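Chains as they are written, first to last, in the numbering used here: chain A, 100 to 256; chain B, 393 to 652; chain C, 27 to 302.
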């Protein structure tokens, strides 16, 4: 086999292999995703209950991913969950932003939703979001529903 | 009973001998790997034979595996109304398991057996001895480039397999069945982690590349130099590499995903 | 047994050598020498240890006992590197040529030149064509080994084994499986190459007629021992019954036609007793 043709084929093969790796990295695993690239600031928030929230879960505002959950800790003083998020520095949020744990779809994964407030002062690196809303836990919801029904039934008597 | 014990003992002793030989062979090969890189054209030739010539079977199999995953995944997921998770299912199955494992099995039967046959025939027709007599070390000149060609080809082939598979799954899921295109990709991107899934898959295929290439060159070099011996060595290459790939996959998976 | 009288300036010298594989001893008590310019034949029946002798000289096999010296260097404790340095001065022709099947005739002959020299490609080309011309196959340079007949492949292999102008050339059964014409061609080529290069040559063969007509000296090997040696004329006129049987190809003699077995009558009788 001619040396030049051989080199060409092998070059094409290697290029194809690396293109496949790039495709897997970019399109399939999406390492270039918004909110994980560029400069980030760290924000913290305390929740009563984080439900099934995991590290690396997305942080979204108005449905757009603006960051990722970096760490989850249990705070033994307050008996609350402390969630650390890395949020893109390109999107400053006001001080009175509300962080809530939401679910994408009925059985989808859980994420942190940020609802911007109206304060003129912005959150800085290391700040804590004071207003939080915990995850809705299905068992608790059902329990609450049944309790309400029972209470209704009781009052109707 | 005595006969049974004797057979067992014989098999064990033989097995230990073989492993010992293979290990010594691996070190001899690593020691003589200089020319494979100093004269890279030797390795390029083997990249052609192991890599480029395996492309067709890898691409075709990858496409079909991906399409079957698309069909089966959709069929199962739509019962729970979660068709949107099709992208994750297809990508995760391919990246974590099917890509590296199936590509390695195909590689063992396509390229591994060819390498064993080539080295075995060179041994049977005294070409290796002739080379040794010309003061050219056959391990450095013939064996090591084939080994490195295989080691370098394997991760690339596995990546191509996974990519084609994802596209095959996308074709069935989105183009044929009609799952939403955006949902397919975004669900996939959300559940696939670069380090956890993509890098681990590449690590797996790299390890498989070492195993299959070592078995292939060793069986060729170690074969009985007759037509019968060569054909037996080819069978051994395919059987041993397949078993080795599956066993290694189990070990690697338990370390990568279950250990934490 | 007297030692070879021509042992001045020996290229190869074996003294009291034992050699074998695993538990089997193939050669024992071998004294053997070849000097520069000499073409020596080693003859003997199949399985007599002729090829093992070549493996000893080429360093593929180490002697159990005794000394093997090639180009004046002992092969007993030689390192791989030193052995390779010696092998560059040797050429070897294998029984069926052992051409590299993935290289063309030209590249086969060029192989040792490309591996061991830094000559420019144009000079390699000239050298290869000269070597091929010497064996009459310059026109076949672009063919692949699979397109060659047995005799042609042998000649290409011969050109390849002398590509680096070796000082010692070894031939392992160069006449096996050749038609009479090819056989004569190879025989003449071996003699001419030896004289042109001023090399020492060892010819392992069981072809009596062809080798006796070209060699200077003959060793006869049987069952791991050298049983006779001398010039071709001395061998032809040897009174030794074994030598006579071998040279004149007689079926029965000191080498029995039958593999050792109990007498035939006994075997048949035994069978008759068991049968009913």
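Cβ atoms here follow ideal geometry from the backbone N, Cα and C, with glycine treated the same way. Please read these numbers as outputs of a predicted model, since none were measured by experiment.
Given residue 127 of chain A as reference, the closest of B:603, B:557, B:400 and B:403 once Cα atoms are compared:
Taking the first chain and counting its residues from 1, the one referred to as residue 127 of chain A is at position 28. The shortest C-alpha separation from residue 127 of chain A is found at B:557.
The alpha helix (DSSP H) enclosing residue 649 of chain B, as first and last residue numbers:
Here residue 649 of chain B is taken as the residue at index 257 of the second chain, counted from 1. First-last for residue 649 of chain B: undefined, no H or E at that position.
Quick check on residue 385 of chain B: buried or exposed, where buried means 16 or more other Cβ atoms within 10 Å of its Cβ?
Residue 385 of chain B is absent from the model: chain B starts at 393 and stops at 652.
What number of angstroms, rounded off, separates the C-alpha of residue 416 of chain B from the C-alpha of residue 399 of chain B?
Counting from one through the second chain, the residue named residue 416 of chain B turns up at place 24. Counting from one through the second chain, the residue named residue 399 of chain B turns up at place 7. Taking the CA atoms as reference points, residue 416 of chain B sits about 26 Å from residue 399 of chain B.
Is residue 604 of chain B closer than 8 Å to residue 513 of chain B when the C-beta atoms are compared?
In the second chain, counting from the first residue as 1, residue 513 of chain B sits at position 121. In the second chain, counting from the first residue as 1, residue 604 of chain B sits at position 212. For residue 513 of chain B and residue 604 of chain B, no; Cβs fall outside 8 Å.
Whole beta strand (DSSP E) elements within the region 455–513 of chain B, 3-residue minimum:
Note on the region 455–513 of chain B: there is no whole beta strand (DSSP E) run with a minimum of 3 residues.
Three-state class that DSSP yields for residue 253 of chain C in the structure shown:
Translated into positions along the third chain, residue 253 of chain C becomes position 227. The answer is strand: DSSP assigns residue 253 of chain C an E or B state.
On the three-state DSSP scale, how would you describe residue 149 of chain A?
For the purposes of this step, residue 149 of chain A is taken as residue 50 along the first chain, with counting starting at 1. Under the three-state reduction of DSSP output, residue 149 of chain A falls in the coil class, being neither helix nor strand.
Any beta-carbon of chain B closer than 8 Å to the one on residue 134 of chain A?
Reading the first chain from its first residue, position 35 is the one you call residue 134 of chain A. Any reading at residue 134 of chain A needs caution, since the residue's pLDDT is 42, under 50, leaving its predicted position unreliable; the model's value is listed next. Judged by the 8 Å Cβ criterion, residue 134 of chain A is not in contact with chain B.
Just mark residue 404 of chain B as buried or exposed, buried being the case when its beta carbon has 16 or more other beta carbons within 10 Å.
Along the second chain, read from residue 1 onward, the residue named residue 404 of chain B stands at position 12. Its Cβ having fewer than 16 others within 10 Å, residue 404 of chain B is exposed.
Assigned exposure category for residue 210 of chain A - 16 Cβ within 10 Å defines buried
In the first chain, the residue the question calls residue 210 of chain A occupies position 111. Result: buried.
Would residue 138 of chain C count as contacting chain B if we go by Cβ distances under 8 Å?
Residue 138 of chain C sits at position 112 when you count from the first residue of the third chain. So yes, residue 138 of chain C belongs to the interface.
Report yes if the CB atom of residue 161 of chain C is closer than 8 Å to the CB atom of residue 140 of chain C, and no otherwise.
In the third chain, counting from the first residue as 1, residue 161 of chain C sits at position 135. In the third chain, counting from the first residue as 1, residue 140 of chain C sits at position 114. With contacts defined as CB atoms closer than 8 Å, residue 161 of chain C and residue 140 of chain C fail to qualify as a contacting pair.
Taking only beta-carbon positions, decide if residue 28 of chain C is within less than 8 Å of chain B.
The sequence position of residue 28 of chain C within the third chain is 2, counting from 1. Its pLDDT being 39, under 50, residue 28 of chain C is placed unreliably by the model, and the measurement read from it follows with that caveat. Taking Cβ atoms only, chain B never reaches closer than 8 Å to residue 28 of chain C, which makes this a no.
Does the pairing of the region 159–172 of chain A with the region 216–227 of chain A give three or more beta-carbon distances under 8 Å?
Result no; under three Cβ-Cβ pairs closer than 8 Å.
Could you list which residues in chain A have their beta carbon closer than 7 Å to that of residue 555 of chain B, in chain order?
Taking the second chain and counting its residues from 1, one reaches residue 555 of chain B at position 163. Contacts between residue 555 of chain B and chain A, judged by CB atoms closer than 7 Å, involve 119, 122 and 123 in chain order.
Can you give the Cα-Cα distance for residue 242 of chain A and residue 199 of chain A, rounded to whole angstroms?
Along the first chain, read from residue 1 onward, the residue named residue 242 of chain A stands at position 143. Along the first chain, read from residue 1 onward, the residue named residue 199 of chain A stands at position 100. Each residue's Cα considered, the two are about 21 Å apart.
Closest to residue 502 of chain B by CA distance: which of B:447, B:551 and B:474 is it?
One-based indexing of the second chain puts residue 502 of chain B at position 110. Checking every option, the nearest Cα to that of residue 502 of chain B belongs to B:447.
Neighbour flag for residue 519 of chain B against chain C, beta carbons, 8 Å
Locating residue 519 of chain B in the second chain gives position 127, where the first residue counts as 1. It does: the Cβ of residue 519 of chain B has a partner Cβ on chain C nearer than 8 Å.
Cβ-based burial, residue 269 of chain C [other Cβ within 10 Å; buried from 16]:
Translated into positions along the third chain, residue 269 of chain C becomes position 243. Result: buried.
Terminal residues of the beta strand (DSSP E) in which residue 213 of chain A lies:
On the first chain, residue 213 of chain A is found 114 positions in, with the first residue counted as 1. Looking at the DSSP string, the run of the beta strand (DSSP E) that includes residue 213 of chain A is 209–214.
Using a Cβ-Cβ cut-off of 6 Å (strictly less than) and excluding sequence neighbours within five positions of residue 32 of chain C, which residues of its own chain qualify?
As a first step, residue 32 of chain C is located in the third chain; it is residue number 6 there, counting from the start. Confidence in residue 32 of chain C is poor, its pLDDT being 45 and thus under 50, which makes the residue's placement unreliable; the coordinate value appears in the next sentence. The answer, listed in chain order, is 61.
Report the neighbours of residue 602 of chain B on chain A: residues whose CB is nearer than 7 Å to its CB, in chain order.
Taking the second chain and counting its residues from 1, the one referred to as residue 602 of chain B is at position 210. Going along chain A, no residue has its Cβ under 7 Å from residue 602 of chain B, so there is no contact; the nearest lies around 17 Å.
Between residue 154 of chain A and residue 609 of chain B, what straight-line distance do the alpha-carbon atoms span, to the nearest angstrom?
Position 55 of the first chain, counting from 1, holds the residue named residue 154 of chain A. Position 217 of the second chain, counting from 1, holds the residue named residue 609 of chain B. C-alpha separation (whole angstroms): 45 Å.
Suppose the cutoff is 8 Å on Cβ atoms and the five residues either side in sequence are ignored; what does the same chain contact list for residue 97 of chain C look like?
Indexing the third chain from 1 puts residue 97 of chain C at position 71. Excluding positions up to five away in sequence, the list reads 37, 112, 115, 193 and 194.
Exposure label - residue 134 of chain A; buried when at least 16 CB within 10 Å:
Stepping through the first chain from its first residue, residue 134 of chain A is reached at position 35. Below a pLDDT of 50, predicted positions are generally treated as unreliable, and residue 134 of chain A, at 42, falls in that range; the measurement from the model is reported next regardless. Flag for residue 134 of chain A reads buried.
Once the 5 residues before and after residue 550 of chain B are set aside, which same chain residues still bring their CB inside 6 Å of it?
Indexing the second chain from 1 puts residue 550 of chain B at position 158. Excluding residues up to 5 positions away in sequence, 491, 492, 495 and 597 lie with their Cβ nearer than 6 Å to the Cβ of residue 550 of chain B in the same chain.
Measuring only between beta-carbons, confirm whether residue 212 of chain A sits less than 8 Å from chain B.
One-based indexing of the first chain puts residue 212 of chain A at position 113. Contacts with chain B at 8 Å (Cβ-Cβ) do not include residue 212 of chain A.
Would you call residue 589 of chain B buried or exposed, if buried means 16 or more other Cβ atoms sit within 10 Å of its Cβ?
Numbered from its first residue, the second chain carries residue 589 of chain B at position 197. Buried: at least 16 other Cβ atoms inside 10 Å.
Check whether the Cβ of residue 455 of chain B lies closer than 8 Å to any Cβ atom in chain C.
Residue mapping note: residue 455 of chain B aligns to position 63 of the second chain, counting from 1. With 8 Å as the cut-off, residue 455 of chain B does not count as an interface residue toward chain C.
Would you check if the region 214–230 of chain C and the region 559–569 of chain B touch, i.e. whether three or more CB-CB distances between them fall below 8 Å?
With a cut-off of 8 Å, the region 214–230 of chain C and the region 559–569 of chain B do not count as touching, because too few Cβ pairs lie within range.
Suppose you measure from the CA of residue 30 of chain C to the CA of residue 65 of chain C; what does that come to, to the nearest Å?
Your numbering for residue 30 of chain C matches position 4 in the third chain. Your numbering for residue 65 of chain C matches position 39 in the third chain. With a pLDDT of 44 at residue 30 of chain C, under the threshold of 50, the modelled position of this residue cannot be trusted; read the value that follows with caution. Going by C-alpha positions, residue 30 of chain C is about 13 Å away from residue 65 of chain C.
Establish whether the CB of residue 152 of chain A and some CB of chain B are separated by less than 8 Å.
Taking the first chain and counting its residues from 1, the one referred to as residue 152 of chain A is at position 53. Judged by the 8 Å Cβ criterion, residue 152 of chain A is not in contact with chain B.
Alpha helix (DSSP H) segment containing residue 207 of chain C, residue limits
Residue numbering aside, residue 207 of chain C sits at position 181 when the third chain is read from its first letter. In the DSSP annotation of this structure, the continuous segment of the alpha helix (DSSP H) that includes residue 207 of chain C starts and ends at 206–223.
Contact list for residue 449 of chain B against chain A, beta-carbon separation under 7 Å:
For the purposes of this step, residue 449 of chain B is identified with residue 57 of the second chain, where counting begins at 1. Near residue 449 of chain B there are no residues of chain A at all, since even the closest Cβ is about 14 Å away, more than 7 Å.
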